[in-house]
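The next block holds one structure in the form of structure tokens; read it before the comments.
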Amino acid sequence: MPRLTLDGIAKSFGGVSALDGITLDIAPGTVHAVLGENGAGKSTLMNILSGLYRPDAGQVALDGRPVPPGDPKRALDLGFGMIHQHLTLVDRFTGAENVALATGGRLDRGLVRARAEAEALAAELGFTVDLDAKVEDMPPGMRQRVEILKVLVRGARIVVLDEPTSVLTPAEASGLMAALRRLAAAGRTVLLVTHKLAEVFAAADEVTVLRRGRLVATLPIGKVDADGLAALMVGADEADMITAVPAATAVIDSHATPVLEVAGLDIDDDAGRSAVRGVSFRIAPGEVLGIAGVDGNGQAELAEALAGLRRPVAGDVLVDGVTVAPGRARERLTRHRVAYVPRDRHHTGLVLDMDGARNLILRDVDRPPVRRRFGLIDRALAARRLTQAITEFDVRGAAHGPARALSGGNQQKLVLARELGHAPRLLIAEQPTKGLDVAATAFVQRKVLELTRSGAAVLYISTELDELRTVADRIAVMSGGRITGIVSRAEADPQTLGRLMGGGTARPASDTRTGDAA
Amino acid sequence: ADEALRVAAVLPGSIRDQAWNQSAYDGLMKAKETMGIDVAYAEGVAEPDQMSAMRDFARRGYGIVIGHGGEFQDPADRLAKQFKDTLFVVSSGATAGGNVATINFDYRQLGYVLGYMAAKVSKTGTIGWLGATEIKFSTELVEGYTKGAEAGKPGTKVLVTYMGDWNDVAKGKEAASAQISQGADVLFPTMDLASNGALTAAKEAGVKAFGIYYDAIVDWPDTVIQSVIMDVNAALVHFLEDARAGKAGGKEYVYGLATSDAARFGSFHEAVPAEVKAEVEALIADLAAGRKQI
Amino acid sequence: MTPSRLLSGAAVPVGAVVLALAVGAVLVATTGGDPVHLGHEIVDRVLLDYWGLSDLLSRMSPLLLAGIAVAIPLRAGLYNVGAEGQIYMGGLFATVVALNLPEGVPMSVAVLAASLAGAAGGALWAGIAGVLKARRGIDEVVTTLLMNYVALNLVSYAASGPLKAPGAPYPYSPEIPEASFLPLLMADTEAHLGVIVGLLVAVLARFALGRTAWGYGVEVAGKSPGAATYAGIAVGRTTVIAFALGGAAAGLAGAFEVIGLKHRLYANFAAGYGYDGLVVAFLAAGDPVWSIISAAFMALLRTAVTTLKSAGLDATAVTIVQGLIVLFAASGLALQRYGAFDRLLARRRRPAGTTAGSGAAS
Amino acid sequence: MIDMLTDPTALGDLFATMLRLSVPLVFAALGGVFSERAGVVNISLEGSMILGAFGAAWGAIAGGSAGWGVVTGAFAGGMLGAAFGIATIYAGANQIVAGIGANLAGLGLAAFLHRLSASGRAAENRVPGFGDVSIPGLADIPIVGKALFSTDPMTWAAILAVPLAALILARTGIGLRLKAMGENPRAADVAGLPVRLYRLGAVVVCGMLAGLGGAVLVLSQVFLFTEGMTAGKGFIAVAAVILGRWSPVGAALACLLFGLSDAIQLRLQFANGDVPYQLFVVLPYLAAILTLVGLVGRSRPPQASGSFYRRESR
Ligand SMILES: Nc1ncnc2c1ncn2[C@@H]1O[C@H](COP(=O)(O)OP(=O)(O)OP(=O)(O)O)[C@@H](O)[C@H]1O
Ligand SMILES: Nc1ncnc2c1ncn2[C@@H]1O[C@H](COP(=O)(O)OP(=O)(O)OP(=O)(O)O)[C@@H](O)[C@H]1O
Ligand SMILES: [Mg+2]
Ligand SMILES: [Mg+2]
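Protein chains in written order, with the numbering used here: chain A, 1165 to 1682; chain B, 12 to 305; chain C, 93 to 454; chain D, 1478 to 1791.
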């Protein structure tokens, strides 16, 4: 069984060092976690393993034999399989076609076989996937599951996973972790990049911590606890900040005019199918309403409609008691001061080919102070915003170059810096901490609470119950396009939420209609 | 050498078009050979570049600069003011004078003869004419051709097709086929390279056709029954000989049947009935002698 | 940009041209020509010559404006393959206006009116493709390409029909009144004011695209339609406006060809400038100001082509060399842009012990 | 002129003209589909067509048979495709610019070589081409019979090539991978597939197909090579690719539309002498635009088409 060794790996991009002298030795049959802040170099390292990037120096060896650098094909042949942080799926192919592409499917037979194997594996992992759907029509979670299946079906000996669980449900994530343990038990080597310490403790044998491109420590999992890992990642002085649990202290005035009132909202998806039906709720000033639910149950369409990107079929939306015109994104941003953190930072959140400063003026480029006389842009202001974002949100590597070059987490921070930087009245956040490191996650949650203290309201959409139970005052559960129940934080135990997600209601319900959303 | 007899031509198309441009090129080469004069040319010169190409030759000291096509009229007029010692010649030009000369063929007359003959030869009473774009050359040819057909046999139907392209051989073939399928059994293609396509169609369908510029029967022995030989070649030599003798000036040179070395007809196909042949020859003689006007 | 980088930047296109010319020299030699003599011709008659310069400038005007016509929609993520047709429409509109101006209109007014009409003609023609794209999602590449043929034939019709000069042997219009002639930059040449206008438009376009909120919207619409929707940018309207502005630049080019160069509308008066505009814009990576350089380059090429033809070089060989120059220049620029040369140098340097990259970053 | 549509002979004739005008386009457009589906926008079809036409003429004369012409025609077209592919896929040259350069080089080269190898008189350079082969019985089917079953092998090849190309793209592993190169080359790369090689392969095949399109003109239609004989057909093929939404069948239908409207305009013209001929000449383009607006509508090119794939760019 293969023993993986990395010797003095270094890589820089345009003169900026991303990795420097990484030396590692990974035993076969183990799960090896790789931790680090956003931009620490984790993805770069994994991409070097999979042959996508060619290291500037150093080498990777398998059982002492060097792996040719920068050759994905050879890496695959040698048994490397990688699940990329930013999915490598063909949007217009079905799930099955994507699997077939990765497994070298030939003619129809290959497609059928790939499909069958993927299906079996999905069942084993407890994944629900529709392999006949096109990837572009899948919710993010399902895409992630296809990406995982695609690699695992190939039967890799060294499985590299770069933040594979960021959009999975807890059940799916734990299914995956169990599967990784089984792979290790079968003698495979697993490398797991994650920001979720719980996963590290659940699945890993060993953990390596990177900080700013350097290897800080490699430790067996028994020798370290969460605080210790945090300290290794960010340095001891900053570690306290992370673990300081944010307390929800905003005062909610439930009698005041709600900041957001949604009444009888019906929304169709891109294909014209009903995605959200009869959704009504209110969010009071200072309140965080969490939306829980399995991905693809209408959350995305709801968020888009509230942000003005999608025109609802029926229903009213009121912000601060004022009805907002349907489908008018600009007006929401400016007049109603609605901030929106979209789930897809690549597609909607950022203009990847523009630099950080220009991305930070996306919301208000056409109004003062950004817009000056003769329609000129105040470039100095944009630059100041970037400096501010870099210091306040700790966006690493954004000083120069396009947003595309940033690490996934840092891209997310850029979006957050823009959306939270305008004192919004209402924040709609879809998976806002997706891909953020531990410190940044805590920071964002603190910022959200800070916002509520100023009387703003927050709609916080997440598939992670733990996160919702930390930030939300109440949690609404969406299933089949409906809100199946809204419970207070105190009532929000996993059993209740789980039942609601299954389509049940909090009260043993009579008005449960599950079939008609199809 | 004789300053005035350095001759240059600006050609809008390819010297291998087997038609308008090639005939000028051949004429230059023949003049070079037979008269020993210094010649130059620039081929494939697009409209935006035509003025500067002509000027370039004038500046290089060519005493005669030919713009080979009606589109050179205006550039020639303008340059004539700048280069007073240069004689500018416009083939198919409209107006001569000063140091601008034009060389023209009597397209109406030449078209008339072929129209006349076509009407006589046609069994279906429908004949065809094919061209590329509506320039003087085309419109006058069509005009003469139509009149000639009416004279040859009143009521003859003339199908006229403008292809919009001089060199699209495949389309030339289809354009001719379309005429043939409408009953045309004598065709007169007047494009450049595209005429090859039309002649191919005629050959395949077994109908008759006319050649242009040279005696095309040699290349299309079963198809071509007569050719109008607009011998730009000979016309040029004619003109240049005048020029060498110091007789050339800003005049309109028109070549027609009266100047039979420059504008004449080729060989009759043996299938042309003797009486038709005789009538056509008589017509040509009348026109050449000026006994008949169109 | 350090001087050495600038130097290497210039080295690439020059290298491409040299390489293509080397191929050309071989071709010339095979047909019995004298490459050295032809080289002299280019230097003497194009580069170091009053008339050569004037030719270069008169061609640079339509090339630059056509480049901008491609560059502006490109910023919005749209391919304008229709600069050719837009130029033709510009020429047509300008001619109609110039021919119908009342007598005694002062020169500045006549020139302005004809120019604006040309710009409007181009904008209108491009705007159709823009509207079809914005409203119906119809691919702009194919509409603009097809509309070129329509425009060409429309001009051909106008020049051989309603606008034809009486007795003209070829489809062209009567001469436009002298009041509407675009002033010349160089006496007795065809180098008209168009190139100056082109330079101004280039700078203005760069400024509007790079510095204004409007330009920002265009950029976002081009680079990320998703983000544009998020920010409430009206992608459809941006599409139409970007297209119309591009078309206006092309239309201006067409107007200048008529009022600056030919003084008449000809059936094929601007052959090929629109397609060359694609080369101009893409070689400049879509930047209007860099387009000045690439337009000058293409103008030089076009001028040299005519000169080489008159110097007796076979036109087919000239066309081959022209194609190779374009092909090599594009490849060379790309290799440079993506750092292939740097990597090559670095790899060669590495054995000597220096770390890659660190030396160059200063 | 109604008899063009009612009289069976005239209709059959129209059909035949449509087919002949379309076949060269169909080959080139199929090539374009392969190239663009693999992510390379290829406007050098015109250059490949003309080189293919020259290659076919040269090969058929040198080899003494039309069969050789097919081989050399495809080869010549493919060579230009390869040059264009190396510039765009390996060096990263902009695909539009490189396409324009390749077209010029191809047009120039074909004419240059022709001038070197042949005399100035077309009829002296007659090319042995394909004759029509008739299938008895089928050829007598009214209207379509003669055009389809009494024709030359290249037409049959084109008719077979369309479903074959569709099958390859829709049903084979190669097709799946090729499409992946055009949609998301990174996904293909991480699956261990040689992205640049696939793309180059597609572009070379494209050049060969376009070369065949040029060869058809020479070997099946006019039996000689002349300078500039493709007369912009390569650009029409580019339009057909988009009009046909990047699918083989769609592109072929678009070619038929161009062929049909050209066939119709050539027949309409001489019955309407007072209508300016330009109106007839633009008929195919207007028909295509109207089809786009009325029938085709919104279309999405392959996601990564036109882009240069570099591994280490994000
Ligand atoms: N292709 C690239 N081009 C330019 N810079 C890059 C590229 N890939 C990575 N970088 C830079 O390298 C550094 C490390 O990035 P990397 O993606 O490895 O971080 P990470 O540890 O995976 O972070 P995250 O947790 O946010 O995903 C970052 O500063 C990033 O900007
Ligand atoms: N066509 C091109 N080829 C190579 N490099 C280019 C090209 N266009 C722009 N650049 C590079 O891009 C960089 C950006 O240019 P520049 O700084 O002038 O733009 P800018 O800051 O956007 O200007 P402005 O905001 O004033 O419009 C320059 O350093 C230049 O080297
Ligand atoms: Mg990462
Ligand atoms: Mg700038």
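Positions of the beta carbon are idealized from the N, C-alpha and C atoms, including for glycine.
None of these values were measured; they are calculated from a predicted model.
Listed by chain order, chain B residues near residue i by CB distance under 7 Å
i: D:Y1762; result: Here the premise fails: no neighbours, minimum Cβ distance about 11 Å.
i: C:G259; result: A105
Chain D residues whose Cβ lies nearer than 7 Å to that of residue i
i: C:A422; result: A1564, A1570, N1571, V1574, A1575, G1578
i: C:Y249; result: P1753, Q1755
Neighbourhood of residue i by C-beta, 7 Å cutoff - its chain only, sequence neighbours within 5 removed
i: D:S1596; result: N1602
i: C:I396; result: Reading the sequence as shown, one finds Ala at residue 396 of chain C and not Ile. Cβ neighbours of C:A396 beyond the five flanking positions: I134, V138.
i: A:A1673; result: Because the pLDDT of A:A1673 is 34, which lies under 50, any placement of that residue in the model is unreliable, and the number read from its coordinates should be weighed accordingly. So the list is empty, once near-sequence residues are dropped.
i: A:L1216; result: P1236
heavy atom of ligand 3 below 7 Å from residue i C-beta
i: A:K1175; result: no
i: D:K1710; result: no
i: A:Q1249; result: yes
Interface partners of residue i on chain B, CB under 8 Å
i: D:L1498; result: A181, K182, E185
i: D:P1501; result: A181
Cβ neighbours of residue i in the same chain (closer than 8 Å, five flanking residues each side left out)
i: B:E252; result: M46
i: C:S150; result: T281, E282, A283, H284, G286, V287, G352, L353
i: B:M202; result: A30, L141, G142, A143, M174, D176, W177, N178, G183, A209
i: D:F1607; result: A1543, D1629, P1630, M1631, L1696, S1697
Per-residue contacts from residue i into chain C (C-beta, under 9 Å)
i: D:L1769; result: L224, R228, I230, D231, V234, T235, L238
i: D:R1663; result: Chain C residues near D:R1663: none, gap ~16 Å exceeds 9 Å.
Chain-order list of residues whose beta-carbon lies under 6 Å from that of residue i (same chain, five-residue window excluded)
i: C:G307; result: A300, L301
i: A:I1592; result: A1467, L1470, A1471, Y1504, L1623
i: D:G1652; result: I1645, L1646
Chain C contact residues for residue i, given Cβ-Cβ distances below 7 Å
i: B:E145; result: S252, P263
i: B:E154; result: Simply none; closest approach about 14 Å.
Near ligand 1: residue i beta-carbon under 7 Å from a heavy atom
i: A:K1387; result: no
i: D:R1663; result: no
Listed by chain order, chain D residues near residue i by CB distance under 8 Å
i: C:I412; result: L1581, A1582, G1585, L1586, F1589
i: B:R27; result: A1588, H1591, R1592, G1597, T1703, E1704
Closer than 9 Å at the beta carbon, the chain B residues around residue i
i: C:L353; result: P59, M62
i: D:A1487; result: S192, Q193
Residue i CB to nearest heavy atom of ligand 6 below 7 Å
i: A:D1601; result: Among the ligands present in this structure, namely ligand 1, ligand 2, ligand 3 and ligand 4, ligand 6 is not found.
Could you tell me which whole beta strand (DSSP E) segments of length 3 or greater appear in the segment 1596-1659 of chain A?
1621-1625, 1638-1643, 1646-1652
Check whether the segment 339-359 of chain C and the segment 76-93 of chain B are in contact - that is, three or more C-beta pairs closer than 8 Å.
yes
Would you check if the segment 270-289 of chain B and the segment 229-243 of chain B touch, i.e. whether three or more CB-CB distances between them fall below 8 Å?
yes
Tell me the start and end of each unbroken alpha helix (DSSP H) in the segment 131-183 of chain B that is at least 4 residues and wholly inside, in chain order.
147-163
Please go through the segment 1296-1366 of chain A and give each complete alpha helix (DSSP H) segment of 4 or more residues, from N-terminal end onward.
1304-1317, 1334-1349
Are the segment 217-229 of chain C and the segment 237-251 of chain C in contact at 8 Å, needing three or more beta carbon pairs?
yes
Under 8 Å: do the segment 1437-1455 of chain A and the segment 1632-1651 of chain A share three or more Cβ pairs, one atom per stretch?
yes
Give the list of continuous alpha helix (DSSP H) stretches no shorter than 4 residues that lie fully inside the segment 1608-1632 of chain D.
1621-1626
Does the segment 1670-1681 of chain D come close enough to the segment 1251-1260 of chain A to have 3 or more Cβ pairs within less than 8 Å?
no
When you check each C-beta in the segment 1648-1659 of chain D against every C-beta of chain G, which residues fall closer than 9 Å?
Absent from the structure: chain G. Protein chains present are A, B, C and D.
Do the segment 1372-1388 of chain A and the segment 1174-1188 of chain A meet, that is, are 3 or more Cβ pairs less than 8 Å apart?
yes
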